[in-house]
Structures are given as structure tokens and as C-alpha cells.
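In what follows, a single structure is set out as C-alpha cells and then discussed.
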Amino acid sequence: MSKRVDRSAGRGGSRGSSVNLSDTPFDRANRFFELASVEGYDGHDASLPQHLSLLEATFTPTPAHPHLARSKFLLTVPSTLCNMSGSLHGGAVALIFDICTSVTISVCAKEGFWDSGHVSRTLNCTYLRPAAKGMKVVVESEVVHLGRRMGVVTGVIRGATAEEGGDEVGGSAGKVFYTCEHGKACLESTSRM
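-9 is the number of the first residue of the sequence shown in this note's numbering; add one for each residue after it.
Okay, structure coming up:
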């Protein structure tokens, strides 16, 4: 069953940003999935909301790291994202990292700073071992740096622990399957720190 979502709802900031700046970090991260679930949206990333569940999103700035944001998603690897070998497809890994790391930026956005569109500059994925169909994995992302126009977010896909909803089958809990470094560019020309 599809949900209808008003794309203009929840826009914060005076410039009509796409992030509701009064939302909690969790709600900010979850906003993409509400928008991607809108009836009639059939983009390349439209299937991800059916498979990813947001476990947590945090924003814990420090003087040394003023944009420290993290997110954690649970994914049960579906057959629709697998290759013929029954493992998570390499292209699907890149798509998952692209979406999850990008969503993490919204957690620390503020008015005039990364509060609207951004695009990928680089997305470097490392494939360490395959995640099999039906396996429960966790996708963790962390904002490493956000400048005025450029940013870096890292990601890891690892086996889910029992506490995270994993089933511990095959001893995969905690094992790292894939990693990434995602370079981002802010589209908002007035972005400031």
C-alpha cells in the first residue's frame, strides 16, 4: 500500500530547504524514505524504503568535529538486489551507500548549510566479502567532514548483531562486508559554515 506524502510539507528554514530543521535527527534521516515512498515515484532508488529500516540517527557535535552525524539502517538482503550468485549486487551496494550516506548529511544540516540539494562527486566502494540473499546487515554512515561546498561521508555494511535484529546465522554478526567513502558537493550556492 502506497502512502501519499506532501513534498512541500516539513520544509524548514527561510529558503525553503528540503530538510525540516526543527525535526529530530531521526526524523530528518527518515524524511527521504517518506518522500521516496510517495505514490507514483518510480526512480532508481524507489525500492529501498521497502527494504531499509532506520535504527538510529544521531547528531553529536564537538569542537573538533562540529558536524558529527551518524545513521544506522537494518537491511534484509532481498533477492531483487542480488546478482545471479545470490549475493548483494555490486551496483546495489553502491546505491545503498549513496542513499544512506547522503541521508546522514541531513541529520546535521542547518539553515544555509547543507540544507538543500547535494550531489555525489565520488563514491568509492570496497567489496570485502559477499552478503547473501536473506542475510540481515546493518548500514552505518558517519559524516567525516562538511565544508562550505564539499563533504565526505563514510559507510560500512556489516552483519547485524542479535541486538540489531540479526539472526547470527553463519557467524556473520559484526563482520564487515563492504565499505565506502562518499565525496559530496553542495548545490546551494549560499552554503555557509
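The C-beta atom is built at its ideal place from N, Cα and C for all residues, glycine as well.
Fair warning: this is a prediction, and the values are worked out from it, not measured in the lab.
- Residue pairing by DSSP places residue 131 opposite 61 and 145 in a beta bridge.
- Within a 10 Å sphere around the beta-carbon of residue 73 sit fewer than 16 other beta-carbons, which makes this residue exposed.
- For residue 25, the enclosing alpha helix (DSSP H) stretches over residues 15 to 26.
- Taking every protein chain shown into account, the CB of residue 34 has fewer than 16 other CB atoms within 10 angstroms, so this residue is exposed.
- Across the set 164, 135, 162 and 166, the C-alpha of 135 shows the shortest separation from the C-alpha of residue 56.
- Its chain contains 140, 173, 174 and 175 as the residues whose beta carbon lies nearer than 8 Å to that of residue 111, once the 5 sequence neighbours on both sides are disregarded; these appear in chain order.
- The region 103 to 119 makes no contact with the region 29 to 44, as fewer than three CB pairs between them are under 8 Å.
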